[in-house]
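Engineer: Counting in the working numbering, the sequence shown runs from 92 upward without gaps.
Here's a structure for you.
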Amino acid sequence: MIESDFYYSLLDKLSIVAITDRQGKIVYANDKFCDISKYSREELLGSTHKIVNSGYHSRSFFIDLWKTIIAGEIWRGEIRNKAKDGSYYWVDTFIVPEMDEDNKVRHYYSIRIDITKRKLQEFELLKRKVELEEIALMQSHQVRKPVANLLGLIDLFEKQELNDLNKTLYQMMKQSIMELEDSIKDIVEKAE
């Protein structure tokens, strides 16, 4: 069995840790919390986590968080915070209520992992996906115009009397143009 002092020391070194009282005032902040938030321990102690609130999350997000932990349940989620210097950072967060003998919350333990790099990569991928969809949509529209012109021209042949060979060629060309049109429609639908 792992010694509890060693376990807490390990957790403290690997994670961003804060302990708050039942009102949410910070009573403990480890070095990693100070480093990532750029606040001194003295600035954090006695404050609530509003000190690092980025304004990114809705009021209902925090209402749900508080409902969960007040009920004595563990809450987990991703939170964007704002450091003292105005920079933003993301944390994967567990908030674990510590209950007393009367089953009332004594403290809340916030254990967090910095996921800023991952979130920035996710946002970059999303941005690129949107850009690629826009390019695909623009390109498909540019390709559709000549196809529509070809369909119009080929329809002129339909009104002409054609010999068997030309009828066959006409049918093959029309079929190929229709298949191209269908392929372009598929691209447009997927891009939307």
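Where is the CB? At the ideal position from N, CA and C, for every residue including glycine.
Fair warning: this is a prediction, and the values are worked out from it, not measured in the lab.
Grouping DSSP H, G and I as helix and E and B as strand, with all else coil, what is Arg171?
Structural biologist: Three-state DSSP puts Arg171 in a strand.
Engineer: Given this structure, state the Cα-to-Cα distance separating Met92 from Leu211, to the nearest angstrom.
Structural biologist: Because the pLDDT at Met92 is just 48, under 50, the model does not fix this residue reliably, and the value given afterwards should be weighed accordingly. Looking at the two C-alpha atoms, the distance is approximately 38 angstroms.
Engineer: By a C-beta neighbour count over all protein chains shown, 10 Å radius and 16 as the cutoff for buried, is Phe124 buried or exposed?
Structural biologist: Label assigned to Phe124: buried.
Engineer: Considering only DSSP beta bridges, list what Asn144 is partnered with.
Structural biologist: Asn144 pairs with Asn172.
Engineer: Take the Cβ of Ala120 as the centre, count every other Cβ of all protein chains shown within 10 Å, and call the residue buried at 16 or more, exposed below.
Structural biologist: Counting Cβ neighbours within 10 Å, Ala120 comes out buried, since at least 16 surround it.
Engineer: Between Ile160 and Tyr200, which are expected to be in contact by the criterion C-beta below 8 angstroms, what is the C-beta distance as a whole number of angstroms?
Structural biologist: 10 angstroms between Cβ atoms; not a contact.
Engineer: Leaving out the 5 sequence neighbours to the left and right, which residues in its chain are closer than 8 angstroms to Tyr261 when beta-carbon positions are compared?
Structural biologist: Contacts found: Ile245, Phe248, Glu249, Leu253.
Engineer: Output the residue ranges of the alpha helix (DSSP H) runs that lie fully inside the region 187-268 and measure 4 residues or longer, sorted by chain position.
Structural biologist: Entirely contained in the region 187-268, the alpha helix (DSSP H) runs reaching 4 residues are, in chain order, 207-249.
Engineer: Skipping 5 residues on each side, what residues in its chain have a beta carbon closer than 7 angstroms to that of Ser131?
Structural biologist: So the qualifying residues of the chain are Cys125.
Engineer: Pull up the distance between the alpha-carbon of Ala109 and that of Val182, whole angstroms please.
Structural biologist: For Ala109 and Val182, the distance between alpha carbons rounds to 13 angstroms.
Engineer: Let me confirm a value: Arg203 is counted as buried when at least 16 other C-beta atoms fall within 10 Å, else exposed. Which label applies?
Structural biologist: Flag for Arg203 reads buried.
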